[in-house]
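Notes follow once the structure below has been shown.
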Amino acid sequence: MHVLMPLWALELTGSPIIIGIIISCRQILPVLLSIHGGVMLDKYGPRKVIIWMGLIGALCTGMFPVFPFIWAAMVLQIVTGFAETTNWIGVQSAVGTILKGAPVYAGRMTASARTGGFFGPVLAGLMWETYGPLGGFVFLSCWLTCGVLAAAFLPRRQKKDVFFREGSHENPVWTNNGLMIKISDYRDTLALLATSAIALVIMATFMRQTGSGVQSSFYGVWLRQELGLDGTTIGFLIGFGNLVSAASALTIGSLTRHFADHWLLLWMVGLAIVGVALTPMLEGLLLLSLAIGLRGVGQGLNLPLMISIASRAVAPNLQGRVAALRISFNRLGAALFPIGIGALAEFIGLEASFYVIGLFGVFLISCLAVWVARTKGKLQER
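Structure follows, in structure tokens:
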């Protein structure tokens with residue numbers, strides 16, 4: 041969607057602030073309901089939830105060109121955003137429950153996801169240029185359906201893994217079918233922020249969106265409007281970044297044996313932010329590829345680090361919730377920063393907005409580094 045949605049938004053409107061709102065609508069339900077999605081995953085297991093959410097997402101994705109209206113784009117963004125986010129939580133939950141949160145496996149999962157992130161944008165951009173918006177969105181719908189088929193190979197949740205003894209915080213009892221929203225679920229999940237490792241991951245997650253929010257929204261707009269690149273080339277650049285990300289993710293196991301994972305996380309988040317903030321300074325496919333590749337290295341390493349640090353800090357039956365907590369703040373940042381850069385672009389121009397958001401992200405990471413230095417002992421107690 042990082043390729044198609046900015047292009048589709050440009051088809052519907054030329055206003056930067058409206059484009060930012062369309063992109064940000066994708067994060068509304070994830071911000072509000074990701075924790076509830078994590079509870080469902082802890083109850084039903086990743087397999088069932090991923091299959092159903094994948095089917096909903098695939099169906100709604102194919103409906104974008106059928107309803108070429110701004111309001112329809114917003115509504116479909118809301119629905120598909122929740123489906124995608126819940127499934128992404130499910131994948132991370134599976135890493136924690138099935139693979140025990142090991143950094144090497146988190147890296148392999150990230151590499152697999154980023155490899156798909158290479159081919160997907162390139163093919164989606166090609167389909168857009170060849171067959172128009174209809175071809176692009178129908179292709180993406182079929183791509184999502186392939187994910188549903190892959191989820192069918194996940195192990196089924198056993199009954200003994202679902203129901204736990206009464207009265208234990210570590211082993212909660214389900215008092216409803218898991219579909220009803222409970223305030224206590226949110227309270228218990230937010231309580232995880234008292235753990236230093238979880239707090240670090242959540243703060244890094246939010247700050248990471250200063251770069252990711254730009255790439256998912258106005259990166260494609262800049263390349264299209266200012267540099268005149270077509271959908272295929274934009275798709276190649278995003279895909280190339282994901283390919284580099286996939287390769288770098290495979291090195292996470294060896295890197296964590298030589299460097300403290302919390303410091304490595306901060307450096308990689310900063311690298312990812314700088315990689316996208318430099319975009320307006322560059323022209324030519326080579327320089328743009330180098331910049332997005334730099335970002336790819338950071339993204340490929342910071343994601344498995346966040347997954348591994350968080351999953352190792354909580355019990356196995358809380359993996360869905362801790363993944364949902366991270367995703368909630370991730371999506372909050374993804375909702376705020378596109379609107380912020382759109383508003384900035386209205387007043388200071390799009391180019392300056394890239395620099396302002398980038399500097400803001402680096403400043404936040406620097407502040408987080410000071411906090412980590414002061415709480416390093418607690419982080420090492422995990």
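By this note's numbering, the letter at position 362 of the sequence shown is numbered 402, and the numbering carries on one by one without gaps.
C-beta atoms are modelled at their ideal positions from N, C-alpha and C, and glycine is treated no differently.
Under three-state DSSP, which class holds residue i?
{"i": "Gly207", "result": "Here Gly207 scores only 37 on pLDDT, less than 50, and its place in the model should not be relied on; the value that follows carries that caveat. Of the three classes helix, strand and coil, the one that applies to Gly207 here is coil, per DSSP."}
{"i": "Phe193", "result": "coil"}
{"i": "Val43", "result": "coil"}
{"i": "Ala239", "result": "helix"}
{"i": "Gly102", "result": "coil"}
{"i": "Asp270", "result": "coil"}
{"i": "Ile138", "result": "coil"}
{"i": "Ala355", "result": "coil"}
{"i": "Leu116", "result": "helix"}
{"i": "Pro108", "result": "coil"}
{"i": "Thr150", "result": "helix"}
{"i": "Lys88", "result": "helix"}
{"i": "Pro212", "result": "Bear in mind that the predicted position of Pro212 carries a pLDDT of just 46, short of 50, making it unreliable; the figure below should be weighed with that in mind. Three-state result, Pro212: coil."}
{"i": "Thr155", "result": "helix"}
{"i": "Thr53", "result": "coil"}
Counting along the chain, where does the alpha helix (DSSP H) carrying residue i start and finish?
{"i": "Ala7", "result": "Nothing can be reported for residue 7: it is not among the residues displayed for the chain, which extend from 41 to 422."}
{"i": "Leu232", "result": "Per DSSP, Leu232 belongs to no alpha helix (DSSP H) and is neither H nor E."}
{"i": "Val337", "result": "Leu325 to Ser351"}
{"i": "Met424", "result": "For the chain, the structure presents residues 41 to 422; residue 424 sits outside this window and is missing."}
{"i": "Tyr84", "result": "Ile68 to Tyr84"}
{"i": "Thr296", "result": "Ile292 to His298"}
{"i": "Leu322", "result": "No alpha helix (DSSP H) contains Leu322, which DSSP labels as neither H nor E."}
{"i": "Ser60", "result": "According to the sequence as given, residue 60 is Gly; it is not Ser. Its alpha helix (DSSP H) spans residues Pro56 to Ser64."}
{"i": "Gln265", "result": "Gly260 to Gln265"}
Kindly list the residues whose CB is nearer than 7 Å to the CB of residue i, restricted to its own chain and excluding five residues on each side of it in sequence; keep chain order.
{"i": "Val43", "result": "Pro161, Ala164, Gly165, Gly260, Gly271, Ile274, Gly275 and Ile278"}
{"i": "Ile57", "result": "Gly382, Ala383 and Glu386"}
{"i": "Phe179", "result": "Leu163, Ala164 and Met167"}
{"i": "Met346", "result": "Val241, Ala244, Thr245, Leu305 and Arg366"}
{"i": "Phe122", "result": "Leu69, Pro70 and Leu73"}
{"i": "Ile91", "result": "Val188, Ala191 and Ala192"}
Between which residues of its own chain and residue i is the CB-CB distance below 6 Å, once the five residues before and five after are set aside?
{"i": "Glu210", "result": "In this prediction, Glu210 has a pLDDT of 46, which is less than 50 and means its spatial position is unreliable; what the coordinates show is noted afterwards. Cβ within range, chain order: Ala355."}
{"i": "Gly187", "result": "Gly94"}
{"i": "Pro378", "result": "Gly60, Ile63, Ser64, Gly253 and Ser257"}
{"i": "Pro105", "result": "Pro173, Leu174 and Phe177"}
{"i": "Ala151", "result": "Ala286, Ala289 and Leu290"}
{"i": "Thr281", "result": "It is Gly, not Thr, that sits at residue 281 in the sequence shown. Only Ile332, Arg335 and Gly336 meet the Cβ criterion."}
{"i": "Gly360", "result": "Gly78, Leu81, Asp82 and Ser133"}
{"i": "Ala374", "result": "Gln67, Gln249 and Gly253"}
For residue i and residue j, I'd like the C-alpha separation in whole angstroms.
{"i": "Ser368", "j": "Thr137", "result": "20 Å"}
{"i": "Leu306", "j": "Ile405", "result": "7 Å"}
{"i": "Leu283", "j": "Met80", "result": "32 Å"}
{"i": "Glu124", "j": "His76", "result": "14 Å"}
{"i": "Thr53", "j": "Ile313", "result": "27 Å"}
{"i": "Thr291", "j": "Gly147", "result": "7 Å"}
{"i": "Arg13", "j": "Met243", "result": "Look at the range of the chain in this structure, 41 to 422, and you will see that residue 13 is not part of it."}
{"i": "Leu251", "j": "Ala237", "result": "One point to set straight first is that residue 251 is Gly, not Leu, in the sequence displayed. Spanning the two alpha carbons is a distance of roughly 22 Å."}
{"i": "Arg297", "j": "Thr185", "result": "38 Å"}
{"i": "Tyr171", "j": "Phe159", "result": "18 Å"}
{"i": "Pro195", "j": "Leu269", "result": "43 Å"}
{"i": "Trp411", "j": "Tyr145", "result": "28 Å"}
{"i": "Pro212", "j": "Leu230", "result": "Model confidence at Pro212 stands at a pLDDT of 46, short of 50, so the residue's coordinates are unreliable; what they give is reported in the following sentence. For Pro212 and Leu230, the distance between alpha carbons rounds to 16 Å."}
{"i": "Leu263", "j": "Asp225", "result": "42 Å"}
{"i": "Gly389", "j": "Val71", "result": "28 Å"}
{"i": "Leu322", "j": "Trp183", "result": "32 Å"}
{"i": "Glu51", "j": "Gly315", "result": "27 Å"}
{"i": "Gly398", "j": "Gly130", "result": "30 Å"}
{"i": "Glu391", "j": "Gln265", "result": "12 Å"}
{"i": "Ile96", "j": "Thr415", "result": "43 Å"}
{"i": "Val396", "j": "Lys88", "result": "42 Å"}
{"i": "His302", "j": "Ala317", "result": "23 Å"}
Given that a residue counts as buried once 16 or more other Cβ atoms are within 10 Å of its Cβ, and exposed if not, what is residue i?
{"i": "Ala413", "result": "exposed"}
{"i": "Phe394", "result": "buried"}
{"i": "Gly340", "result": "buried"}
{"i": "Arg154", "result": "buried"}
{"i": "Arg366", "result": "buried"}
{"i": "Leu327", "result": "exposed"}
{"i": "Pro108", "result": "exposed"}
{"i": "Arg227", "result": "exposed"}
{"i": "Trp48", "result": "buried"}
{"i": "Cys407", "result": "exposed"}
{"i": "Ala189", "result": "The question names Ala, but residue 189 is Leu in the sequence shown. The residue is exposed, with fewer than 16 neighbouring Cβ atoms inside 10 Å."}
{"i": "Cys100", "result": "buried"}
{"i": "Trp128", "result": "buried"}
{"i": "Pro46", "result": "buried"}
{"i": "Ala363", "result": "buried"}
Spatial neighbours of residue i within its chain, please: CB distance less than 8 Å, with the 5 preceding and 5 following residues excluded, ordered by chain position.
{"i": "Ile118", "result": "Cys65, Arg66, Ile68 and Leu69"}
{"i": "Gly324", "result": "none"}
{"i": "Glu169", "result": "Asp270, Gly271 and Thr272"}
Beta carbon of residue i: closer than 7 Å to some heavy atom of the ligand COA?
{"i": "Val261", "result": "By its list of ligands, the structure shown contains no ligand whatsoever, and the ligand COA lies outside what it can speak to."}
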